[in-house]
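Comments concern the structure below.
In full-length UniProt numbering, the protein residues as written are 1 to 344.
Structure (structure tokens):
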């Protein structure tokens, strides 16, 4: 026979309080469970991110190890310049000091100047060892060499004061004559103007640099306007040389001419130029007929007896195009390539 446990009876108030306590504990456990679930999800996300970061770092480490395994770059296996190649370590032994300084020998030193500006013959006055007097001792030339130096060349500025007054005899006003080469007008001398023309025309020095060179080397401060005035004043002297050069040019019978251009001009201009002597004539038109006819007129004129000018084909023309011949009587005429001088 089975015995059933006895049923315990509870008071209603006590039973309700106990039930409420169990429900509160259950709610607290559910809330704690939700917090733990959220914390677990967060930790799982952080773990996934760290795993991805670890994999990425492992890939970078593998790439770096692969690069370390490659041979070092040298001038032989890469475009590394020879100056950046790894040099071997120098030996620990110091370099041997020569017993005496190396003397010059033919072909390894600068030859002595034939006409030195000054000669300084130096004699020893006392012995460097015992300080004995060496004034009466015969001394030979032990070492001879040249010392080359450029002297400072400051500009020579001469102030000229021309006195004036009234003649007591004829009661006429007078003024003193200036020294030769320092006449009133331009304050710049011939050597200064020649240096400006030389640096500007022969070496293409800009106005700004030219003014700086004159200031630093000679102590002369000139504005760009003054430099332009000096160059403009020098133009007639060069233009006066055109006529003698043209006379020498016309002394020949045949002149070979070619085309060039003035690179410093904004419009590209062609000019006909010949060899020794040279006459250049510029033209703003690239057309062969106009350019070479103007060149012939400028260089030779239209007088009878002028030489024939053989002109090469204009720049950019193909070899099948005819050449040009300029004569005093017929002017510009076309020639076939076969009749070009020197063709066979």
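A virtual CB, placed ideally from N, CA and C, is assigned to each residue, including glycine.
Tell me which residue opens and which closes the alpha helix (DSSP H) that residue i is part of.
i           : result
residue 24  : 12-68
residue 246 : 242-250
residue 210 : 207-213
Using a threshold of 9 Å, state whether the C-beta atoms of residue i and residue j are closer than that.
i           : j           : result
residue 190 : residue 211 : no
residue 173 : residue 197 : no
residue 218 : residue 199 : no
residue 180 : residue 160 : no
residue 201 : residue 231 : yes
residue 110 : residue 133 : no
residue 155 : residue 163 : no
residue 229 : residue 207 : no
residue 113 : residue 148 : yes
residue 88  : residue 81  : no
residue 142 : residue 135 : no
residue 216 : residue 205 : no
residue 182 : residue 166 : no
residue 237 : residue 188 : no
Quick one: what's residue i bridged to in DSSP?
i           : result
residue 126 : 133
From the DSSP output, in three-state form, read off residue i for me.
i           : result
residue 228 : helix
residue 234 : helix
residue 216 : helix
residue 85  : coil
residue 341 : For residue 341, the predicted structure reports a pLDDT of 45, less than 50, and the residue's modelled location is therefore unreliable. The matter cannot be settled from this model.
residue 118 : coil
residue 239 : helix
residue 315 : Any answer about residue 315 is weak, because its pLDDT of 46 lies below 50 and its placement is not dependable; what the coordinates show is given next. Looking at residue 315 - three-state DSSP - the assignment turns out to be coil, as it is neither helix nor strand.
Point to revise | Minimum length 3: unbroken beta strand (DSSP E) runs contained in the stretch 133-202 | key: Runs of the beta strand (DSSP E) inside the stretch 133-202: 164-166 and 173-175.
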